[in-house]
Amino acid sequence: QKYLDQTSDIRTAALLGIYVQEDVYQECPYVQEWIEGFRFLLDELQMWNERAEFDIYRSH
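Using my numbering, you'd call the opening residue of the sequence shown number 1 and step up by one each time.
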């Protein structure tokens, strides 16, 4: 979270969040916020293909 606060780099935070283990993911509420924030940003920028690719990659 500190990195995100200092850089506002939601993309990197969201991509790292994908690799967080399930037990850590449940304990850290920020991870879901990073992922949803990045998805929202892609929607706002109308980057539909990138959003779809991110969602597909995240589901694997």
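Backbone N, C-alpha and C fix where the C-beta goes; we use that ideal spot for every residue, glycine too.
Own chain residues within Cβ distance below 6 Å of residue i, not counting five before or after
| i | result |
| --- | --- |
| L4 | A13 |
Same chain only: Cβ atoms within 7 Å of residue i, ignoring 5 sequence neighbours per side
| i | result |
| --- | --- |
| V31 | G17, V20, Y25 |
| E50 | L42 |
| Q46 | none |
Beta-carbon contacts of residue i that lie in its chain and below 8 Å, excluding the five residues immediately before and after
| i | result |
| --- | --- |
| I10 | L4, W34, G37, F38, L41 |
Straight-line Cα distance separating residue j from residue i
| i | j | result |
| --- | --- | --- |
| F54 | E44 | 15 Å |
| S59 | W48 | 17 Å |
| L15 | A52 | 14 Å |
| Q6 | C28 | 19 Å |
Alpha helix (DSSP H) segments (min. 4 residues) lying fully within the stretch 16-55: You should have 22-27, 29-44.
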